[in-house]
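Asks:
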Amino acid sequence: AETIKVGILHSLSGTMAISETTLKDAMLMLIDDLNAQGGLLGMKVEPVVVDPASDWPLFAEKTRELLEKEKVAAIFGCWTSVSRKSVLPVVEELNGLLFYPVQYEGEESSRNIFYTGAAPNQQAIPAVDYLMNELGVQRFVLAGTDYVYPRTTNKILEQYLKDKGVAADDIMINYTPFGHSDWQTIVSDVKKFGSAGKKTAVVSTINGDANVPFYKELANQGIKAQDIPVVAFSVGEEELAGIDTKPLVGHLAAWNYFMSEDAAVNDAFIKKWHAFIKNDKRVTNDPMEAHYIGFNMWVQAVKQAGTADVDAVRQAMYGQKVPNLTGGISEMLPNHHITKPVLIGEIQPDGQFATVWRTDGLVAGDAWSDFIPESAKLTADWTYPWVCGNCEKPTYAQAGM
Amino acid sequence: MLTVSDIHLHYGASHTLRGVGLTAQKGRVFCLLGRNGVGKTSLLNAVLGLHPVSRGAIRWEDDDITRLPTHQRARRGIAYVPQGREIFPRLTVRENLETAYACLPRGERRLPDEIFELFPVLKSMLHRRGGDLSGGQQQQLAIARALVTKPRLLVLDEPTEGIQPSIIKDIERVIRLLGQRGDMAILLVEQYFEFARDLADDYAVMDRGEVVLAGTRDSMEEADVRRHLTV
Amino acid sequence: MPEPALATNHGPAALAAGSILYLDGVSVSFDGFKALNTLSLVIAPGEMRTIIGPNGAGKTTMMDVITGKTRPDEGAVLFDGSVDLTKLDEAAIANLGIGRKFQKPTVFENLTVFENLELALKGPRRTFAVLLASLTGAQRDRIDALLATIRLTERAQALAGALSHGQKQWLEIGMLLAQEPRFLMLDEPVAGMTDAETEQTADLLREIARDRSVLVVEHDMEFVRALGCKVTVLHEGSVLAEGSLATVQANERVIEVYLGR
Amino acid sequence: MGPITRRLASLEKGRGWTVFLILTAAFAVGVPLLNAFAPADSALHVPTWVVQLMGKYLCYALLALALDLVWGFAGVLSLGHGAFFALGGYAMGMYLMRGIGDRSVYGNADLPDFMVFLNWKELPWYWWGFDQFWFAALMVVLVPGALAFVFGWLAFRSRITGVYLSIITQAMTYALMLAFFRNEMGFGGNNGLTDFKEILGFDMTADATKVGLYVATVLFLAASYLLCRFIVTSRLGRVLLALRDAESRVRFLGHSVTGAKLFAFTVSAMIAGIAGALYVPQVGIINPSEFSPANSIEVAIWTAVGGRGTLFGPILGALTVNGAKSFFTGVAPEIWLFFLGALFVVVTLFLPKGLLGLAATVKGLRRPTLPTPDTQPSGEKTHA
Amino acid sequence: MPRRPSFKLLLALALTAMIGAVLLVSAAAPARAADAAAFEAAVTALDQKSFGDKAKAVDALAALGDARTPQVLRALSAGQLVRHKETGRILIAAGGTLTDAATGEAVGPADGAPLAKIVANNQIRTQIEAALGAFLLFSENPAERITAARQVLGNPTPEAAPALVRALDAETDAGAREALTRALAAVQLLGGGTAAERLAAVETLSDTNDPALKALLTTAAANDPDAAVREAAGDAVKAIDTRMAVLEVGQNLIFGLSAGSILLLAAIGLAITFGVMGVINMAHGEMLMLGAYTTFVVQEVFRATLPPSVFGLYLVVAIPAAFVVTGAVGVAMERGIIRFLYGRPLETLLATWGISLILQQAVRSLFGATNREVANPEWMSGSLELLGLSLTANRIVIILFAFAVLGGLAAFLRWSSMGLNMRAVTQNRRMASAMGIPTGRVDALTFGLGSGIAGVAGVAISQVANVSPNLGQGYIVDSFMVVVFGGVGSLWGALAGAFSLGVVNKFLEPMAGAMLGKILVLVFIILFIQKRPRGLFALRGRAFEN
Ligand SMILES: Nc1ncnc2c1ncn2[C@@H]1O[C@H](COP(=O)(O)OP(=O)(O)OP(=O)(O)O)[C@@H](O)[C@H]1O
Ligand SMILES: Nc1ncnc2c1ncn2[C@@H]1O[C@H](COP(=O)(O)OP(=O)(O)OP(=O)(O)O)[C@@H](O)[C@H]1O
Ligand SMILES: [Mg+2]
Ligand SMILES: [Mg+2]
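Residue numbers (my numbering), protein chains in the order written: chain A, 1 to 401; chain B, 402 to 632; chain C, 633 to 893; chain D, 894 to 1277; chain E, 1278 to 1823.
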C-alpha cells in the first residue's frame, strides 16, 4: 500500500545523541499514534529514521538521501544550529520541508523550514524581564558555550539590558568551549561578581553536556538559587534527569513547556509517552512539545491541502492552529515561527520544574530580532505580498514560486 | 637428556632446517658449529619453542616438549643465552637478573654469589639500566641471568661475542665446570673454533639447515670441521 | 650545511694539523659515571688503528662522540685537523666522509639487501637530489660487486630483516663500503664470524686501509694480529697503552685488566 | 626519453598503467555518462546525488592518500591531518562565501552575514583576495603547506617522533578547532561557512556543477596518486621507508632525516588541503568540527583499513568505510556503530595488511615481506 | 528601567516588617502557642495561587510565632507541603507518610493519595529562611543559633538589631557570640546604628573574606552618610581585595591541582595500557565510561535495596566493582583481540577504535542515550573553608584519591614480582617467555590492570561530570596529551604532566578565558615538546633509544 514517508533526522550517536535520541522516539510515537487513528489521507505514515551521527556534513548528506532517495514529504529533525545551517541549502535546493523543534538564535527564516522551537523573544527576553522585575536583579552574568546560539542570544540580551539601563559594568559575559567540564574558576568568578552588593543572576546558554558539571560545581561551591539564581535556556527535564537536583532547587529555566504543566492534553501526552517508551520514569520536554505541535500542524495542513505535496502543504501551514501542551492554541505565523507561551520554572527536588511565572498570553516568534540593528529592519513573511524570509519591503511575488 | 629428532623449520616459505637431529646429555657439553646463516640460531629457537617446528620432535627429560610453550620449557629447567643479548633494556641489572625468578619456587629466589664472582662488573652496576651497559657487559648479564634460573639445560648462542679475552677464559672455565658437575646439559653454538674444540664433549657441524658432521671430541678432525666452516 | 667550525685553541690546532682524527681531553659522563675520561687520541690520514680494551672501557662511547651521537662534556674532537665534530649533527658528520659500523648490527629491516646498499651508496644527499636520483649502470655494478664481497648476492632481494645475525653484520660492512667514506670506524666487525671469515675480513680491511683511514674495535686477538697495525688500549675511559700488538700484549696492566692470564 | 619521463613511465608496470587508466576513465568519464545518459529508471543510472556522494568519498580518499604518504611510507603518524584538510576547505569556503555577494541574508555585498551580525564594519585583512578564485586556489595549497612546513620543521628538527609527534599534531588540530570556534576569529564560529551560491560563476545547485566538481575530484585524485607514486618509488621513498625502521641509522648514512620528512609532510598537507577544497563545495558547509581530533583519527582508520603503505589501499579504505557509514546510518541507524566497530576489529584481526593485503595475498606478494610472526610474536618491538 | 521598579523594595519592606515582628514577638516569648484555630487558618492560607498572596500568608503564619510554625515553613520550603485534593487538608508529605500540618496528626501513607503540591519559589524560600532565622536566634542549640546569626547576616535589616543585642547579652557560646557580633555589625552598618557604631562595625567586618560581607562593605563605602565610615569601609574593601588577590593564587593552585587530579586519574590507566604495554588504546575513554556506569548501577542498587543511611557508602563499593568490571572487559579485550596484535602497534589503534565504537553503542542501547544521574554522597558534597580558601569536598577527595591510586600502582609495578614481569614482558616479550614468564597471562593481567584503573577513575569522574555514553570521548585526547607530555612509560611523568597542565590551565583561564586558555595550553604543549621531545620525564640513555 502507498504510504506517506516522513524523515526523522536526529543524531542517534555522537555527542548530540544525548538530546536528539528522545526526539526520534517522540516522533515515532506521534506517527504511531496517527497511524493508529487511521493515518493520513487514507494512507499510513511511514517514518524513515536515519542517523546523521552528530556530523554536520552527514546531516546534509542524509537530508539529500531522504529527499531524493526516500522522497519523504517532510523531515523532522536537527538540534544544533550548525546542523540546521548544513541542511538548509539542501532543503531549499530540493524543495523539502524541515520542522526544527529547538529554541534557537533566530536571524533566519527559510521558505522550507518551520521553526517550532522558541525564538529569542520567546525565551530569553521574557526570562530577563522576570529576573529584573520579579527578583530585582541588577547584575547579570551571561554565561554560554562558545557558539552561535549563545553568542546571538547574549548579544540581544546585552543590548536589551543596556536599553533597560543596566550598566556595562554590571554585565559579565563568559564563553566556554563545548563540553567544558572544569567549572571551578568560572563558578568562583561568578561568586565574586555576585559580591558587589547588587542582586546578581546568571543567564545560562551553556549547552549540552557541559551543564552537568556546571551545576555540580554550583552546588559544591554553595551557590544557592536564593543568592545567585541561574536561569537556563538549554536545561530541561531531560538534562535534569542526569543531575542530582536537590542542591539546585530554585534555579530557573525559561521554556515554553514544562512537564509539570497542569493541563489535560499534557497528562494525556505524558501517559502516551510512558506507554510508548515503556518506562514511566522518562520525562518529557520542550523540544518534544515542539515536535508535537509541528507534527500536528503538518498533519492538519496535509489534510487541508488534501495532499502531502510540499508546496501545497506549505501554503496550508500558515495560520494553522493546533493545541499546545500547556493548554493554549499555537498558531503558525507567516514568518514560519509559531506563537507560544513563555514559562519560567524553578527546579524542584524531584527533577521537575514548577512554573513560577508565565506570560499572559502567547508570544509570537520573531525571526528577526529588534535588538540587532541590521536585523531590526528585516521582515519575514511568506505570504503575499511579502513572500520573503528577509526583506525590507514587500516583493509582490507569488508565494511558493 | 635433550633429544632433537628430525626437525624441520620454516620461516614463511623458506625451509630453514631440514631434518636436524642431535642429542645433548647431562654432564656433557654439546657444541654446534656452522657458518653464518646455516640455521644454528633457528635450531636453538626450536629447542626453546621460540619458533614452531613444522615436523620432528624434541624430547627433554623423557617428555615430549615439541608443542610446549616457551615459558613452560623454561620452567622445566631450560635456560637460554640468546644471540644479540636480548636483555631488558629498561630494567636495572638487578631486575634483569630477577626476571629469572619466574622459574624458581618462592623459597629459592635469590641471586647466587657465584654470578658476581664470575662477572664482578655486574655487582657494581646492579642499579644501572640494562640497556645502558656496554655490549660486552650486556653479554655477561645475559649469561648471568640464565644461570640464576639454576638450569638443567643451558643453551648458549655465541656467548663469547663481544666479550673481552680474560672473561672469555673465565666463561670457558665455568662452562667446563658446569659441564663436569654432571647435572646439567649444555648446548653451545660457537663460531670460534678453538673455544669450541676446547670445550666440546660432543659436536655437530651444520650447513644449509642440515647436520653435516657430528661426533665426539675424540673423533673431531680439525680439517674436516674447518672445511665446513669456510665458504 | 653549517659552516665547519674552526677550533680556536691554538695549541691543539697545531697538533691536530695533519691528522684525520684528533681527540683531546674528551670526557663523557652518564649520571656521574665517567664513560670517557680526558681521552686523547690522534689518527693520521691513511692510518689503520685498532682499539682494544675491557668491556665498558668506553670504546663504543668514543665512536658515539666522533659520529655526533653523543656530545662530550668537554674536550676537542677535530676531523681533518680543523672541523669541530662536536658542533655538527650525525648527517653532516657522515657527509664529511665518516662512516661507521655499529656493534649491534643495524640495518633497515623492511628494505631489501639491495636497497640497503643503494641507500648507503655515495652520492648527493640533498632532499630534492635524492627525490630525483636514479640508479646508473655504474652504480648498479658497484652494488653487485659489493654483494659479492659480502656474499649476499643470492639474497639481494630478501628483506634485511630476514637475515641471520652474521649476515646482518656483513650487510652492514657492505653499507659502510658503499658509502666510500674517507674514515671508517668498525665496532667489532668479526663478532659472530667463523675463523675463515675473520681472516677474509682482515684482508678486506687491510686493502681498504690503503687509501683511507680505518679505526677498528675488536676483542679477537687473532684478528687484531692479522690487521697488523698500531693498537691502542682503552681502560676506564682513557688510554692505558699504545703500540704494536706485541708490546701491548706484554704490558702487565693490559694483561691484568683485559687479556687475563 | 629523458630520465624524468622514464621515471614517470616506470611508475607503474604495464599492467599497473592499464588498471590505473581504466579506473580513472571509469570514474571520470563513465560515471558522468551514466548520470547523463542512462535512463533514470534503469539499473545503470547514477543519480546526481549519488555522484555527489561519490565526490565526497573521493575527497576523503584523497585525504587518506595524503596521510598514507607520511604515515605509510615515512612512519609519521599524523593525527592532525584533518587540520590541513579543513584549512584547504576554509580557503575554498571563503571564496564561495565571497561569491554569495548581496544574495546574503542581510543583503550586504561587502561583508558575509556573520560579520554583519557581529557589527563588523569592514572585511578583515585575511579575507582580502578571496573574491578571486586564483588567489583562493593558491591559498588552498599554500596555507596548509606553510603550516605543515613550519610545524614540521620545528618538530622534525627537534627529533620528535612516534607518538610524541602524533599527539602534538593532535594538539595542533585541537587548538585550531578551538580557535576557529571563536567568533572573533572571523571565520563564522561554530556555524562555519555555508549557504554558498556559485563557484566560478556556476550555480552550485545545478547538476552540471555537481558532476563537474566530481570529475575534478577524480582527476585530482588520479594526479595525486601519480605524484605520491613518484615520491615513494624514488630513492627518497626508500629513505622514507628506511626512516620508519631506524631513523638514526639513516642519519649516519648522511641523509637528511628532517629534510625527507619535511618534504613528505608538506606535500601531504598540500594534498590534504586540495582534498578539503574539493570537499567543501560538494557538501556545502565547512565548520570547525572538521578540525576535531576524532576526524583526524578517522582518517588514520580509513588508511589502516585499506592497507597502510600501499597507495591504493587508503583510497579503497576511505571509500569502504565511508560507504559503509552512509549505508549503515541509513539502514540500521540505531546499531550501525556495532557494524562499523566490528568491521574495524575484523579487518585488523583477519586482514593485517588491510583490504588491499587481502588482494595481495591472493595474487602473491608484490614486495617481499617479513613473515608475520605466528604463534610467538617476535623480537623486541616497542609498540609506540 | 524595569517595569516594576518597586518590587525589590516591596520585598525588602515585607521581610523587614516580618522579621521585626517575629523578632519582637519571639524575644518576648520564644515559643508562644497560638490559638489553634488561628494557626490552622494561617496554615490553610498558605495554599494560594499567586506567590504574592503566598508570601503574605507566610508572613502571617510567622507573625503568629507559634512553636509549630518552623516545621510548617520548613516543609513549604522543602516542597513537602501539599493539599489533599479531596479533603482540602494541608499536609506535610515526608518520608512517605502524611501528617496534618496544623495538628500534627498522622494521616497515612503518601503513596497514591491525590495530592497537590504547594509550591514555594525563591523569594518565599528566602522569606522563610529569614523567619526561621529569627526563631532560631534563641534556640537551645548553639549550632542553630550560629546558623540563625548567619541568616541575619545574609539579610541584615535594622529591625533585627534589638533582638541581636538581647541574644548577644544572653550568649555564652564563643562561636555563636562571634557570629552574633558580626550579624549585629552588619545590621548596624546597614543603617541601624549610629556613625560610631557603624565605624566599629566596619572594623568588626573588615577581616572577612565572605563575598556577602564584602558586598555590604562596598555598599557602605558608596552610600554611608558619614564620610569617615565611607572611608573606613572603602579601606576595608581595598584590604579585602588585596587579601583576596593573594588568596586567589592559592585558590588557582587548588583549582589547578583539582583539574590535574582528574586528568591524572583519566591518564593513569592509559599510562599502563599505552605507556607500559604500547597499545594505542582508543577504547581507554570507554573504560572510564564503563567505570562511571558501574558507579551508577551500584548507586541504583543501593537506592533500591539499602536504607538511605548507608547510601553514602555506595562509592566505597563502586570502586572495587568498577575495577572488576572494567578489568574483566580489559582482559577479555586483550585475550580476544589485542594479543594477536603485539608487534603491530598501529593495528591496535584500529581495533581499539572499533571496540570503542562498539562499547559506546552497547552502553547507549543498554542505558539509553541520555545522561544518568550519579549523586555526590553527603560526605562528598559542599565545601569547607580553610584559611580563606574554599575547598569543595568532592574535589579534595578526588585529589587524595588520585594520589592514592598512583602511589599504589607505582608501588605495585616497582616492588611486586608481577610488576617486574609486566615490565619485562612489554620490553621483550620473546625473551621474557624464555625466562619462564607466562607472557600471555601477564599481558592479559596488565591490560586488565590498566583497564581496571581506568574504571576506578571513571568512578571519580562520575562525581564531577555527566555520565553518558560520550563520557569517554571527552577524556581520551586529554589523557593521551598527559601521558605524552609527561613522558610515555613514566608514571611520575603522568603525575607531573597532569598537575602541570592542570595548574597552567587554571592560571591562564582567569586571564584569557576558558577558550583561549585551553588553546594556549595546547600551544604550550606543542612548544614544550620541541624542547623535550620525549616528554617532561624523559628517561635518557642508551636504554631508551629506538
Ligand atoms: N625471522 C626470519 N625470517 C626469515 N628468514 C630468517 C629469519 N631468521 C633467520 N632467517 C634465515 O634463516 C637462515 C638461518 O638463520 P639462523 O639465524 O638460524 O642462522 P645462524 O646459523 O644462526 O647464523 P649466524 O651465525 O649468522 O647467527 C638464514 O638464511 C636467515 O636468513
Ligand atoms: N647512558 C648510559 N648510562 C649509564 N652508563 C652508561 C651509559 N652509556 C654507557 N654507559 C657506561 O659507559 C661505559 C662505557 O661503555 P661503552 O659501550 O663505551 O663500552 P665499550 O668499551 O664499547 O665496551 P664493550 O667492549 O663491552 O662494547 C660502560 O660501563 C657503560 O655501562
Ligand atoms: Mg645465529
Ligand atoms: Mg662496545
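Even for Gly, the Cβ is constructed at its ideal location relative to N, Cα and C.
Check each candidate in D/Gln945, D/Ile1164, D/Thr1213, D/Thr1126 and name the one with the smallest Cα separation from C/Leu751.
Replies: Here residue 751 of chain C refers to the residue found at position 119 when the third sequence is read from its first residue. Checking every option, the nearest Cα to that of C/Leu751 belongs to D/Thr1126.
Asks: If we call anything under 8 Å between Cβ atoms a contact, is D/Leu946 one with A/Glu289?
Replies: Locating residue 946 of chain D in the fourth sequence gives position 53, where the first residue counts as 1. Locating residue 289 of chain A in the first sequence gives position 289, where the first residue counts as 1. No, these two residues do not count as a Cβ contact at 8 Å.
Asks: Among residues of its own chain, excluding the 5 on either side of A/Ile228, which ones have a beta-carbon nearer than 7 Å to its beta-carbon?
Replies: Indexing the first sequence from 1 puts residue 228 of chain A at position 228. The answer, listed in chain order, is Val190, Gly194, Thr200, Ala201, Val202.
Asks: If I follow the unbroken alpha helix (DSSP H) through B/Thr471, where does it start and stop?
Replies: One-based indexing of the second sequence puts residue 471 of chain B at position 70. B/Thr471 -> alpha helix (DSSP H) spans 471-476.
Asks: Can the beta-carbon of E/Ile1806 be found closer than 8 Å to that of D/Leu1242?
Replies: Within the fifth sequence, the letter at position 529 stands for residue 1806 of chain E. Within the fourth sequence, the letter at position 349 stands for residue 1242 of chain D. No.
Asks: Quick check on E/Phe1724: does DSSP put it in helix, strand or coil?
Replies: For this step, residue 1724 of chain E is matched to residue 447 along the fifth sequence. Helix, per DSSP.
Asks: Pick out the complete alpha helix (DSSP H) segments inside the segment 929-970 of chain D, 4 residues or longer, and give them in chain order.
Replies: For the segment 929-970 of chain D, whole alpha helix (DSSP H) runs of length 4 or above, ordered along the chain, are 941-967.
Asks: Report, in whole angstroms, the separation of the C-beta atoms of B/Leu445 and B/Val590, which I expect to be a contact under 8 Å.
Replies: Translated into the one-based positions of the second sequence, residue 445 of chain B becomes position 44. Translated into the one-based positions of the second sequence, residue 590 of chain B becomes position 189. Indeed they touch by this definition, with Cβ atoms about 6 Å apart.
Asks: Would B/His528 be called buried (16 or more neighbouring beta carbons within 10 Å of its own) or exposed?
Replies: Position 127 of the second sequence, counted from the start, is the residue given in the question as residue 528 of chain B. B/His528 should be labelled exposed.
Asks: Are the C-beta of C/His851 and some C-beta of chain B separated by less than 8 Å?
Replies: The count along the third sequence starts at 1 and reaches residue 851 of chain C at position 219. Closer than 8 Å to some Cβ of chain B, the Cβ of C/His851 qualifies, so yes.
Asks: Within 8 Å, do at least three Cβ pairs link the segment 12-29 of chain A to the segment 47-55 of chain A?
Replies: Touching, yes, given that three or more Cβ pairs across the two stretches are closer than 8 Å.
Asks: To test your reading of the DSSP string, which unbroken alpha helix (DSSP H) runs of 4 or more residues are found completely within the segment 1633-1699 of chain E?
Replies: With a minimum length of 4 residues, the continuous alpha helix (DSSP H) runs that stay inside the segment 1633-1699 of chain E are 1670-1692.
Asks: So for B/Cys432, helix, strand or coil by DSSP?
Replies: For the purposes of this step, residue 432 of chain B is taken as the residue at position 31 of the second sequence. Strand.
Asks: My understanding is that A/Ser369 touches A/Gly144, with C-beta atoms under 8 Å, so please give their C-beta distance in whole angstroms.
Replies: Here residue 369 of chain A is taken as the residue at index 369 of the first sequence, counted from 1. Here residue 144 of chain A is taken as the residue at index 144 of the first sequence, counted from 1. A/Ser369 to A/Gly144, Cβ: 16 Å. No contact.
Asks: Would you check if the distance between the CB atom of B/Asp407 and the CB atom of B/Arg456 is smaller than 8 Å?
Replies: On the second sequence, residue 407 of chain B is found 6 positions in, with the first residue counted as 1. On the second sequence, residue 456 of chain B is found 55 positions in, with the first residue counted as 1. Closer than 8 Å, so yes.
Asks: What residues of chain E sit near D/Phe1237, judged by a beta carbon separation below 7 Å?
Replies: Indexing the fourth sequence from 1 puts residue 1237 of chain D at position 344. What D/Phe1237 touches in chain E: Leu1627, Ala1628, Trp1630, Gly1631.
Asks: Beta carbon of C/Lys691: closer than 7 Å to some heavy atom of ligand 2?
Replies: Within the third sequence, the letter at position 59 stands for residue 691 of chain C. The answer is yes for C/Lys691.
Asks: Return helix, strand or coil for C/Leu583, following the three-state DSSP convention.
Replies: With chain C running from 633 to 893 in the structure shown, residue 583 of chain C is simply not present.
Asks: In three-state terms, what does DSSP make of D/Asp1006?
Replies: The residue labelled residue 1006 of chain D in the question sits at position 113 within the fourth sequence. DSSP places D/Asp1006 in helix when its eight states are reduced to three.
Asks: First and last residue of the alpha helix (DSSP H) that includes C/Met853?
Replies: The residue you call residue 853 of chain C lines up with position 221 of the third sequence. Residues 853-859.
Asks: With a 10 Å radius around its C-beta and 16 neighbouring C-beta atoms as the bar for buried, classify E/Gly1365 as buried or exposed.
Replies: Taking the fifth sequence and counting its residues from 1, one reaches residue 1365 of chain E at position 88. E/Gly1365 is exposed by the Cβ-count criterion.
Asks: So, helix, strand or coil for A/His336, using DSSP?
Replies: Taking the first residue of the first sequence as 1, we reach residue 336 of chain A at position 336. In the structure shown, A/His336 sits in coil (DSSP, three-state: anything other than H, G, I, E or B).
Asks: Quick one: grab the DSSP three-state call for D/Pro925.
Replies: Position 32 of the fourth sequence holds residue 925 of chain D. Reduced to three states, the DSSP call for D/Pro925 is helix.
Asks: Would you please verify whether the beta carbon of E/Met1564 is less than 8 Å from any beta carbon of chain B?
Replies: Along the fifth sequence, read from residue 1 onward, the residue named residue 1564 of chain E stands at position 287. Chain B, which has no Cβ nearer than 8 Å to the Cβ of E/Met1564, makes this no.
Asks: For the segment 916-925 of chain D and the segment 1165-1178 of chain D, state whether three or more C-beta atom pairs, one from each stretch, are separated by less than 8 Å.
Replies: No contact exists between the segment 916-925 of chain D and the segment 1165-1178 of chain D.
Asks: Do you know how far the Cα of E/Gly1546 is from the Cα of E/Ala1595?
Replies: Residue numbering aside, residue 1595 of chain E sits at position 318 when the fifth sequence is read from its first letter. Residue numbering aside, residue 1546 of chain E sits at position 269 when the fifth sequence is read from its first letter. When rounded, the distance between both Cα atoms is 17 Å.
Asks: Could you tell me the distance, in whole angstroms, from the CA atom of D/Phe1113 to the CA atom of D/Gly994?
Replies: The sequence position of residue 1113 of chain D within the fourth sequence is 220, counting from 1. The sequence position of residue 994 of chain D within the fourth sequence is 101, counting from 1. Each residue's alpha carbon lies about 29 Å from the other.
Asks: In chain order, what residues of the segment 921-946 of chain D put their CB closer than 7 Å to some CB of chain A?
Replies: Going along the segment 921-946 of chain D in chain order, one finds Pro940, Trp942, Leu946 with a Cβ nearer than 7 Å to chain A.
Asks: Short of 8 Å in beta carbon distance, which residues of its chain neighbour E/Arg1280, apart from the five on each side in sequence? Order them along the chain.
Replies: By 1-based counting over the fifth sequence, the position of residue 1280 of chain E is 3. Note that E/Arg1280 has pLDDT 43, beneath the 50 cutoff, so the model's placement of it is unreliable and the number below is only indicative. Same-chain partners within the cutoff: there are none.
Asks: At a cut-off of 7 Å, is B/Asn437 close to ligand 1 when judged by its beta-carbon and the heavy atoms of the ligand?
Replies: Taking the first residue of the second sequence as 1, we reach residue 437 of chain B at position 36. Yes, Cβ of B/Asn437 sits closer than 7 Å to a heavy atom of ligand 1.
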